[in-house]
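S.K.: Pasting a structure here, questions to come.
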Amino acid sequence: MSGLPAGVMREATIDVGAIEHNVRQLRRLVGVEVLAVVKADGYGHGAARSAAAALAGGASRLGVADVAEALALRGAGIDAPILAWLHAPGATFGEAVERGIELGVSSLEQLNAVAAAATGERPAIVHLKLETGLGRNGISPGADRIVFAEAARLERLGRIRVIGIFSHLSNASADADRTALARFEAGVAAATASGLSPRLRHIAATHAAIDLPETRLNCVRIGIGVYGLSPFAGRSSADLGLRPAMTLRASVAAVRRVAAGQGVSYGYDYTTDRETTLALVPLGYADGVPRQASGIGPVRIGGQGFHVAGRIAMDQFVVDVGDAEVSVGDEATLFGDPTLGAPGATAWADAAGTINYEIVTRIGARVPRRQVSS
Ligand SMILES: Cc1ncc(COP(=O)(O)O)c(C=O)c1O
1 MSGLPAGVMR
11 EATIDVGAIE
21 HNVRQLRRLV
31 GVEVLAVVKA
41 DGYGHGAARS
51 AAAALAGGAS
61 RLGVADVAEA
71 LALRGAGIDA
81 PILAWLHAPG
91 ATFGEAVERG
101 IELGVSSLEQ
111 LNAVAAAATG
121 ERPAIVHLKL
131 ETGLGRNGIS
141 PGADRIVFAE
151 AARLERLGRI
161 RVIGIFSHLS
171 NASADADRTA
181 LARFEAGVAA
191 ATASGLSPRL
201 RHIAATHAAI
211 DLPETRLNCV
221 RIGIGVYGLS
231 PFAGRSSADL
241 GLRPAMTLRA
251 SVAAVRRVAA
261 GQGVSYGYDY
271 TTDRETTLAL
281 VPLGYADGVP
291 RQASGIGPVR
301 IGGQGFHVAG
311 RIAMDQFVVD
321 VGDAEVSVGD
331 EATLFGDPTL
341 GAPGATAWAD
351 AAGTINYEIV
361 TRIGARVPRR
371 QVSS
């Protein structure tokens with residue numbers, strides 16, 4: 001990876017070639033339709049570019065949480081099917097139906113609100129969401145017959161078209177996921193008995209899609225894998241044949257030779273124990289660099305690995321580089337593709353006590369994204 005462009009203080013490069021590769025790889029593995037999840041601005045990678053790359057890699061549909069995210073993708077010229085599954089109480093769906101957004105429906109109230117938005121020419125396109133054990137949204141088994149019967153009635157009236165039925169897994173264990181799958185299959189049978197015939201059945205996200213083949217059904221919703229990160233503890237991106245798409249870097253903003261006993265950053269949690277060089281990296285918690293990784297987050301500068309020294313501040317942190325030859329303007333890489341020498345987003349997640357999903361998704365708006373393709 002070449003250095004940062006002149007004058008650039010910090011940036012995240014987004015490798016759309018990696019996204020395309022990851023989707024192609026996972027599509028080949030699962031052998032069913034892939035719905036690429038691009039919510040939360042494509043897990044921080046940019047929703048529209050991630051969507052376009054995922055579609056180029058063989059995804060046939062897209063998924064987001066909010067209708068607003070789906071409409072933004074339409075606005076960006078993405079005309080593939082898009083499913084949105086999380087709605088505000090009292091939400092109305094007129095614009096979503098008009099723009100052909102597919103709607104996840106988790107209750108009778110949502111079903112009625114969605115049907116109310118349908119027009120003579122345009123039925124609302126619905127995926128019924130079943131609660132199978134995660135304890136989040138979804139039609140509960142006790143209410144499903146009523147919702148299915150009403151959905152079948154609305155479908156006969158031409159107000160809705162139920163093209164999908166879905167749920168979401170806990171990944172608590174293979175057994176827990178198999179139990180949820182059995183509940184889901186019972187729900188699908190009940191929907192069929194009510195006169196519905198949803199073509200798409202989907203329950204697996206990246207974890208189960210890779211590890212539990214019976215959950216692939218005829219469609220999987222892949223999120224973290226699209227971006228080349230592993231959802232498994234102890235299995236890397238490379239182990240899964242995936243390439244991390246985001247690389248977070250900054251230009252070293254200041255270099256200072258200091259004596260032993262120099263306190264570093266707020267609270268002096270770190271004090272130099274010898275004469276050494278301190279390098280200032282202009283990325284902080286405002287940019288999504290987790291403050292919890294103070295003192296331990298890994299950073300690569302000039303081909304050598306170091307760690308954050310002292311506390312991560314809002315805009316910057318310090319690295320003690322010892323006697324390494326580091327200059328202002330050198331590139332500091334926080335994370336990227338470990339097979340190319342960078343620390344991984346997972347290493348930052350481990351340092352911060354969180355998951356790689358959160359590391360990439362929280363990279364802030366102040367960090368410019370630069371699209372590359374390799
Ligand atoms: C309903 C739903 N489906 C699919 C996904 C994608 O999950 P993953 O990123 O683990 O593949 C998510 C992400 O949180 C989700 O909420």
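Here the sequence shown stands for residues 1 to 374, where the numbers follow this note's numbering. We treat Cβ as the ideally placed atom computed from N, Cα and C, and that holds for glycine.
Using 10 angstroms around the beta-carbon of residue 20, count the other beta-carbons present and answer buried if the total reaches 16, otherwise exposed.
M.R.: Result: buried.
S.K.: Any beta carbon from chain D within less than 8 angstroms of residue 201's own beta carbon?
M.R.: You won't find chain D in this structure, because it holds only one protein chain.
S.K.: Does the distance from the CB of residue 378 to the CB of residue 245 come in under 8 angstroms?
M.R.: Not covered by the structure: residue 378. The range shown for the chain is 1 to 374.
S.K.: Under 7 angstroms from any heavy atom of ligand 2, does the C-beta of residue 205 make it?
M.R.: Of the ligands this structure carries, namely ligand 1, none is ligand 2.
S.K.: For ligand 1, is there any heavy atom lying closer than 7 angstroms to the beta carbon of residue 21?
M.R.: Not under cutoff, so the answer is no.
S.K.: Are three or more beta carbon pairs between the stretch 204 to 222 and the stretch 148 to 156 nearer than 8 angstroms?
M.R.: Flag = no, the stretch 204 to 222 and the stretch 148 to 156 do not touch.
S.K.: Specify, as a first and last residue, the run of the beta strand (DSSP E) that residue 26 falls within.
M.R.: That residue, residue 26, is in no beta strand (DSSP E); its alpha helix (DSSP H) goes 16 to 30.
S.K.: In three-state terms, what does DSSP make of residue 199?
M.R.: Residue 199: coil per DSSP, three-state reduction.
S.K.: Would you mind working out which of 190, 208, 196 sits nearest residue 175, comparing C-alpha positions?
M.R.: Here the closest residue by C-alpha is 208.
S.K.: Using DSSP with H/G/I as helix, E/B as strand and the rest coil, what is residue 205?
M.R.: Residue state, collapsed to three classes: coil.
S.K.: Can you tell me which of the three DSSP states residue 251 falls into?
M.R.: Strand.
S.K.: Helix, strand or coil: which one does DSSP assign to residue 303?
M.R.: Of the three classes helix, strand and coil, the one that applies to residue 303 here is coil, per DSSP.
S.K.: Between the Cα of residue 62 and the Cα atoms of 75, 141, 39, which residue gives the shortest distance?
M.R.: Nearest C-alpha to residue 62: 39.
S.K.: Are the stretch 15 to 35 and the stretch 261 to 272 touching, with three or more C-beta to C-beta distances below 8 angstroms?
M.R.: No, the stretch 15 to 35 is not in contact with the stretch 261 to 272.
S.K.: Out of 143, 290, 320, point me to the one whose CA is closest to residue 313's CA.
M.R.: When only C-alpha atoms are compared, the closest one is 290.
S.K.: For residue 2, count neighbouring Cβ atoms within 10 angstroms of its own Cβ and tell me buried if that reaches 16, exposed if not.
M.R.: Residue confidence for residue 2 is low, a pLDDT of 47 falling below 50, so the modelled location carries little weight; the figure read from the coordinates is stated next. Burial call: exposed.
S.K.: Quick check: is any heavy atom of ligand 1 less than 7 angstroms from the C-beta of residue 355?
M.R.: Residue 355 Cβ: outside cutoff for every heavy atom of ligand 1.
S.K.: Tell me which same chain residues have a C-beta within less than 7 angstroms of the C-beta of residue 107, skipping the five on either side of it?
M.R.: Taken in chain order, the residues that qualify are 139.
S.K.: Could you please give me the residues that DSSP links to residue 127 through a beta bridge?
M.R.: 104, 164.
S.K.: Whole angstroms is fine: what's the gap from residue 188's alpha carbon to residue 203's?
M.R.: Roughly 12 angstroms separates the two Cα atoms.
S.K.: For a test of your reading of the model: does the CB of residue 127 fall under 7 angstroms from any non-hydrogen atom of ligand 1? Yes or no.
M.R.: Every heavy atom of ligand 1 is 7 angstroms or more from the Cβ of residue 127, so no.
S.K.: Per DSSP, what are the beta-bridge partners of residue 298 in this structure?
M.R.: 307.
S.K.: Leaving out the 5 sequence neighbours to the left and right, which residues in its chain are closer than 7 angstroms to residue 287 when beta-carbon positions are compared?
M.R.: Excluding residues within five positions, the ones whose Cβ falls inside 7 angstroms are 10, 363, 364, 366, 367.
S.K.: With a threshold of 7 angstroms (Cβ to nearest heavy atom), would residue 228 be considered close to ligand 1?
M.R.: Because no heavy atom of ligand 1 lies under 7 angstroms away, the Cβ of residue 228 does not count as near it: no.
S.K.: So for residue 92, helix, strand or coil by DSSP?
M.R.: Coil at residue 92, not helix or strand.
S.K.: What do you reckon, are the CB atoms on residue 327 and residue 372 nearer than 8 angstroms?
M.R.: No.
S.K.: What residue does the beta strand (DSSP E) around residue 175 start on, and which one ends it?
M.R.: From DSSP, residue 175 is part of no beta strand (DSSP E) but of the alpha helix (DSSP H) over 174 to 193.
S.K.: At what residues does the alpha helix (DSSP H) containing residue 339 begin and finish?
M.R.: That residue, residue 339, is in no alpha helix (DSSP H); it is neither H nor E in DSSP.
S.K.: Cα separation between residue 113 and residue 170?
M.R.: Computed Cα separation, rounded: 28 angstroms.
S.K.: Specify, as a first and last residue, the run of the alpha helix (DSSP H) that residue 41 falls within.
M.R.: Its alpha helix (DSSP H) spans residues 39 to 43.
S.K.: Quick check: the stretch 211 to 220 against the stretch 299 to 307, are there 3 or more CB pairs under 8 angstroms?
M.R.: Contact fails: fewer than three Cβ-Cβ distances are below 8 angstroms.
S.K.: What is the DSSP secondary structure of residue 1, reduced to helix, strand or coil?
M.R.: With a pLDDT of 39 at residue 1, under the threshold of 50, the modelled position of that residue is not reliable, and no figure is offered here.
S.K.: Within the present structure, is the beta-carbon of residue 221 separated from the nearest heavy atom of ligand 1 by less than 7 angstroms?
M.R.: Yes, ligand 1 has a heavy atom inside 7 angstroms of this Cβ.
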